[in-house]
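What follows is the structure, encoded as structure tokens:
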């Protein structure tokens, strides 16, 4: 192959992005990963807004991971305003996060990444040959969305979350009614792990620095300290000192590096590698059942990590749904005061950091949102450079697919893209 | 706002579903949402019929299938991009959509056409027998912007078109 590769719109990626690989004398000369990412817009958009509007606005950043944007933002604002939530609220937020993990992971595993691994152009062609597999994926995803809707009021952009708790408790009966479906989902996710183990993954391993939240008492998704596979553990309050964002001219997304200018990797692989022992027992047993060996250093095997997290999330959801019996008010009354706060949670795609400054009227004076995909950009580019010398020897179409597959395995959430129907196919 | 409009995922049984699609934070991408809202305001009695279901869905992705389940006839109203003048109204049947399968200008890899194809491919039983798409040509899709004036002007026409489809569907049922 001796042509440049230009992929104007990355298919099966959350949002909009483009990739250009320029060759010179047959060798890779330039790699441009161009991302159209809007959280920066939201940082400006939030300025001057009332603090209680923030979770509903930030939820709009993504149609797939709105809960993550809500969870990081409410925690940051609760810290800024000195609010402590009740244990029942925390548990319901965990359950809401399970819902998002179920719908998001089911989507990515089966409908976004699997077609690459089993050699189909899309989930539509996969569905032609393996309809039951795709039906199972859709059912799993629907169960996640149903749980999300029951707690959050809507299945795409939930609205029930507020700073201090939830606007109202979902009814106990409505939550309990979902238990049989969640039990089905647990079994389906165990089967998903077994199926994931049978897939053939490209041979590609790197010595990544993995970064994820970590807690002593649970598999950290809702909150935790920030742990790196290089051994560094920091408080979320120090995140911006250790993980630095820089502007990249070709992209409206910032790219993150560690303080010593290294790349790092957030997401399911990072969580699994750093927190395996904290997984629910059934998830660990399932992982052992497929002979899982850690650390997993192959980005394509993020699919296996997602599948194991799917088991964890379904099992936790069954327990939390069965135990759901909220007491007392669903939210804390808030006394407005000026302050600053940080909130970090694990979006399905990785660590999501928010920081806000609130003034004496409760208006947002500063917002910082660092999404997982921005943190992975530099690592994605580094991986493209590693992969490129071999791939550019392939025929053009095959080469494009190889690059796209690598990027898709990261499950990049370029988020909040328009979704209008393209009536002209530009290829 | 009508109580039944609460976003994606309503699993109520209805003969006719009117679904506005879009992204309210991206300029003209909100056209479908605005048009359906306007139709509900202008034709409230019709919108409140028990056999008529209305949903506004922002980025439902593949969740659109769940929204469509249980309907006999569905009207999707969405912004489109074809190079025509902003505000131009396109009427598309499902078969016309199929030729646009490859458009990955859709968030989350799942546009309307692809999602419907997947649903039909899997022969999901309770998808609508008949479906039409009203496409509204988008001009700008900038974050945080309002609708373009041309798109704004087309909204009453689209509301009337929705009403024509709904009335015809009720009569034919």
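Protein chains in written order, with our numbering: chain A, 1 to 427; chain B, 1001 to 1173.
Even for Gly, the Cβ is constructed at its ideal location relative to N, Cα and C.
- Using beta-carbon distances, residue 1155/B does not count as an interface residue toward chain A, since no partner is under 8 Å.
- Secondary structure at residue 151/A: helix, using DSSP grouped into helix, strand and coil.
- Annotation: the continuous beta strand (DSSP E) that includes residue 1130/B extends over 1130-1137.
- At a cut-off of 8 Å, the C-beta of residue 279/A has no neighbouring C-beta in chain B.
- Rounded to whole angstroms, the Cβ separation of residue 302/A and residue 269/A is 5 Å, and the two are in contact under 8 Å.
- Residue 145/A sits close to residue 103/A, with the two beta carbons spaced by under 8 Å.
- Annotated as proximal: residue 210/A and residue 229/A, with beta-carbon spacing under 8 Å.
- CA-to-CA, the gap between residue 346/A and residue 1131/B works out to about 39 Å.
- Between residue 406/A and residue 383/A, the CB-CB gap stays under 8 Å.
- Residue range 372-391 is occupied by the alpha helix (DSSP H) that includes residue 387/A.
- Every unbroken stretch of the alpha helix (DSSP H) spanning 4 or more residues and falling wholly within the region 237-300 of chain A is given here in chain order: 239-242, 268-275, 281-289.
- Listed in chain order, the non-local C-beta contacts of residue 315/A below 7 Å within the same chain comprise 186, 280, 282, 283, local neighbours out to five positions each way being set aside.
- DSSP places residue 1017/B in the uninterrupted beta strand (DSSP E) bounded by 1016-1022.
- Beta bridge pairing from DSSP links residue 1053/B with 1017/B.
- Contacts between residue 47/A and chain B, judged by CB atoms closer than 9 Å, are missing: the closest CB pair is about 12 Å apart.
- Between the beta-carbon of residue 89/A and that of residue 166/A there is about 6 Å, and that keeps the pair under the 8 Å contact cut.
- Minimum Cα-Cα distance from residue 1056/B among the listed residues 1046/B, 1076/B, 1045/B, 1044/B corresponds to 1076/B.
- Of all residues in the region 154-180 of chain A, those with a C-beta nearer than 7 Å to a C-beta of chain B are 154, 155, 156, 157, reading in chain order.
- In this chain, residue 1026/B is not harboured by any beta strand (DSSP E), its DSSP state being neither H nor E.
- When secondary structure is reduced to three states using DSSP, residue 97/A falls in the helix class.
- Taking C-beta separations shorter than 8 Å and ignoring five residues to either side along the sequence, the partners of residue 392/A in its chain run 1, 5, 21, 23, 26, 27, 28, 399, following chain order.
- Inter-residue distance for residue 370/A and residue 46/A is about 14 Å (C-alpha atoms, whole angstroms).
- Beta-bridge partners of residue 162/A (DSSP): 165/A.
- Taking a Cβ-Cβ cut-off of 7 Å, the neighbours of residue 60/A in chain B comprise 1025, given in sequence order.
- By the Cβ criterion, the region 148-156 of chain A is not in contact with the region 1148-1156 of chain B, since fewer than three pairs of Cβ atoms, one from each stretch, lie closer than 8 Å.
- Nearest to residue 110/A by alpha-carbon distance, out of 99/A, 125/A, 239/A, 97/A, is 125/A.
- Relative to the Cα of residue 1095/B, the nearest Cα in the group 1155/B, 1112/B, 1083/B, 1084/B belongs to 1112/B.
- Interface with chain A (8 Å Cβ-Cβ cutoff): residue 1131/B is excluded.
- Within chain A, the C-beta atoms nearer than 8 Å to that of residue 1062/B come from 107, 111, 138, 141, in chain order.
- Looking at the backbone, the Cα of residue 81/A and that of residue 51/A are separated by about 10 Å.
- Between residue 219/A and residue 278/A, the C-beta gap is smaller than 8 Å, which places the two residues in contact.
- By the Cβ rule, the region 62-81 of chain A counts as touching the region 332-346 of chain A, because three or more pairs are nearer than 8 Å.
- In the three-state reduction of the DSSP assignment, residue 1165/B falls in the helix class, which pools H, G and I.
- Checking the DSSP bridge columns, you'll see residue 228/A partnered with 211/A.
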